[in-house]
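In the working numbering, the protein residues as written are 975 to 1332.
What follows is a single structure, written as structure tokens, with notes after it.
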Amino acid sequence: MKRNWPIILFILILSFSPVIEAKEKDPLGPSEVVEKLRSKGYSIQYIDDEVSVVEMAKTLKEEKSNLYYLELADIVKNLKRWNRHVKTFTNLKGEYIYTESPADPYLSYEYIPQLPLNQREPERRLASIFVPETIMIEENNLDYTELSQRRYTFFAHVTVSQGFFNEQVNESVLENQQNSPLTVGTGAHVRFSDQWAVASSVYFSKLNASIVDTAELDQSELVVNDEIGGNLYLEYKMADASYSFYGGLDYEQFTTLNLDEIISGRSNKINTNKEKMGFATVGVSFFKKLFLPSTIKLSASPVIHSNTGFGGYKYMFYINQRITDNTWYHFLLKHHELEQESRSVSITRYGFGVGVTF
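Here's what the structure looks like:
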């Protein structure tokens, strides 16, 4: 296949990802820890005045447009959830505070990067004589029971999308659109440790009838099958990094048209073929702040099974951004390049939707 260059480029990108050396490093000071996190896009503020969490919430509500529509009580609740290292919320002087959600939209908060403790408190200054300067709360001070109960994260989303299909047999081309006014999906993310997790999701997509770019063929009573799909991934989060790698299996069931039958003269009426395909997927995800906390995913997936003998690849670009503590919106671009003897199918789908984590 001559269209292998995208996956080759994808592999080269992964090959140049930084390698984390497996050796102990000198502990960073509190300010160095914070600056390192800020460089990765985390929004962190040092509190130099005697203010309570309520007073800080009022200030953030005025300064940050994405918090303006929230109730003050909700902002206070979020600040407490984001900053579990804080012992006393009545006086935040000397604290490093997350002012925006530091968690991936799919994940719970026990795995967010840990901030240094308040170095101004006398008992902690005394303790610092006996421990390294960077006092960190292990697992954000959750006990094992709490932690094990919060390893499971569930999410759901609704999406609208537009799909462009280009089917070719020899020199003949048939173009059509398969648009989805509603796609619903749900999934779960299960973390076993700081590095390892399993993620799975399924979706159902209602499709409108194809709009075929021809006036010469009979399109009467053309019905496009609904699309379904699912995946199961194993994820590895790199230590001391804001990205992770994942791999696993995808399944998709969608519709193509019978251009081969039309070209051969076996039919002059457009009918549909139900395609059932399995893919082996490898990908990388990044957690960045792009105005809002964001997750960006890139993946490539060769076909490993097709009920009609197709081979080829699927590529995916995906980004979501957290709107509030447990809601987010996303955009996706999915592209298929498929071949079957003298027949080829190219599919490009754009989608936009909103989701909730619970």
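A virtual CB, placed ideally from N, CA and C, is assigned to each residue, including glycine.
Next on the checklist: Please tell me whether V1277 and T1301 are closer than 8 Å, where the distance is taken between their beta carbons.
Outcome noted: No, these two residues do not count as a Cβ contact at 8 Å.
Item to check | Where N1092 falls, given that 16 or more other Cβ within 10 Å makes a residue buried | outcome: A buried status is given to N1092, since no fewer than 16 other beta-carbon atoms sit within 10 Å of its beta-carbon.
Item to check | Rounded C-alpha distance that separates Q1142 from T1246 | outcome: Inter-residue distance for Q1142 and T1246 is about 15 Å (C-alpha atoms, whole angstroms).
Next on the checklist: Give me, in chain order, the residues of the same chain whose beta-carbon lies closer than 6 Å to that of K1065; leave out the 5 immediate sequence neighbours on both sides.
Outcome noted: Note that residue 1065 is Asn in the sequence shown, not Lys. Correct list, in chain order: E1024.
Checklist entry - From V1172 to E1006, what distance separates their C-alpha atoms? => result Rounded to the nearest angstrom, the two C-alpha atoms are 32 Å apart.
Checklist entry - Quick one: Cα of F1291 to Cα of S1275, how far? => result Going from the Cα of F1291 to the Cα of S1275 covers about 12 Å.
Next on the checklist: In the DSSP output, what is E1069 paired with across the bridge?
Outcome noted: Residue pairing by DSSP places E1069 opposite no residue, since no beta bridge is assigned to it.
Checklist entry - Touching or not, the region 1221-1234 and the region 1263-1271, by the rule of three or more beta carbon pairs under 8 Å? => result By the Cβ rule, the region 1221-1234 does not count as touching the region 1263-1271, because fewer than three pairs are nearer than 8 Å.
Item to check | Unbroken alpha helix (DSSP H) run spanning S1013, endpoints | outcome: Note, S1013: alpha helix (DSSP H), 1004-1013.
Checklist entry - Ends of the beta strand (DSSP E) at D1224? => result 1217-1231 is the extent of the beta strand (DSSP E) around D1224.
Checklist entry - Given a threshold of 16 other Cβ atoms within 10 Å of its Cβ, counted over all protein chains shown, does T1033 qualify as buried or as exposed? => result Exposed is the call here.
Checklist entry - Relative to the C-alpha of R1323, which residue among K1061, F1138, V1060, I1021 is closest? => result Nearest of K1061, F1138, V1060, I1021 to R1323, Cα basis: F1138.
Next on the checklist: Assess contact between the region 1194-1208 and the region 1166-1182, defined as three or more Cβ pairs (one per stretch) separated by less than 8 Å. Is contact present?
Outcome noted: Remark: three or more beta-carbon pairs, one from each stretch, lie closer than 8 Å, so the region 1194-1208 and the region 1166-1182 are flagged as touching.
Next on the checklist: Relative to the C-alpha of E1029, which candidate in F1219, Y1303, L1053 has its C-alpha closest?
Outcome noted: Nearest in C-alpha terms to E1029, of all of F1219, Y1303, L1053, is L1053.
Item to check | Identified DSSP bridge partners for M1251 | outcome: Beta-bridge pairing links M1251 to E1226, S1280.
Checklist entry - Would you report the Cα separation of K1162 and S1241, rounded to the nearest angstrom? => result The amino acid occupying residue 1162 in the given sequence is Ala; Lys does not appear at that position. A1162 and S1241 have their C-alpha atoms spaced approximately 45 Å apart.
Checklist entry - Who are the near neighbours of F1104 in its chain, counting only those whose CB is closer than 8 Å to its CB and skipping five residues on each side? => result With a pLDDT of 41 at F1104, under the threshold of 50, the predicted position of this residue should be treated as unreliable, and no value is reported.
Item to check | Buried/exposed call for D1022, threshold 16 Cβ in 10 Å | outcome: Classification of D1022: exposed, given that the 10 Å Cβ count is below 16.
Checklist entry - Within this structure, are the beta carbons of I1321 and H1310 separated by less than 8 Å? => result With contacts defined by Cβ atoms closer than 8 Å, I1321 and H1310 form a contacting pair.
Checklist entry - Leaving out the 5 sequence neighbours to the left and right, which residues in its chain are closer than 6 Å to N1294 when beta-carbon positions are compared? => result Annotation for N1294: P1079, T1269, W1302, H1304 place their beta carbon closer than 6 Å to its own, counting only its chain and skipping 5 residues before and after.
Next on the checklist: Classify E1313: buried if its beta carbon has 16 or more other beta carbons within 10 angstroms, exposed otherwise.
Outcome noted: Buried, by the Cβ-count rule.
Checklist entry - Nearest-angstrom Cα distance between S1167 and G1285? => result Roughly 36 Å separates the two Cα atoms.
Checklist entry - Quick one, which of S1075, L1148, S1017, K1061 has its alpha-carbon nearest S1318's? => result Answer by Cα proximity: L1148.
Next on the checklist: Give me, in chain order, the residues of the same chain whose beta-carbon lies closer than 6 Å to that of L1089; leave out the 5 immediate sequence neighbours on both sides.
Outcome noted: H1059, Y1070.
Checklist entry - Hey, G1015 and T1133: beta-carbon distance below 8 Å or not? => result Going by beta carbons, G1015 and T1133 fall outside the 8 Å limit.
Checklist entry - For T1282 versus E1249, is the C-beta distance shorter than 8 Å? => result Cβ distance < 8 Å, so T1282 and E1249 count as in contact.
Item to check | M926, DSSP secondary structure in three states | outcome: What is shown of the chain runs 975 to 1332, which leaves residue 926 out entirely.
Checklist entry - Considering only residues of the same chain and omitting the five flanking positions on each side of S1026, which have a CB-CB separation below 8 Å? => result Cβ-Cβ distances below 8 Å link S1026 to F1063, T1064, N1065, L1066 in the same chain, with the five nearest sequence neighbours on each side left out; the list follows chain order.
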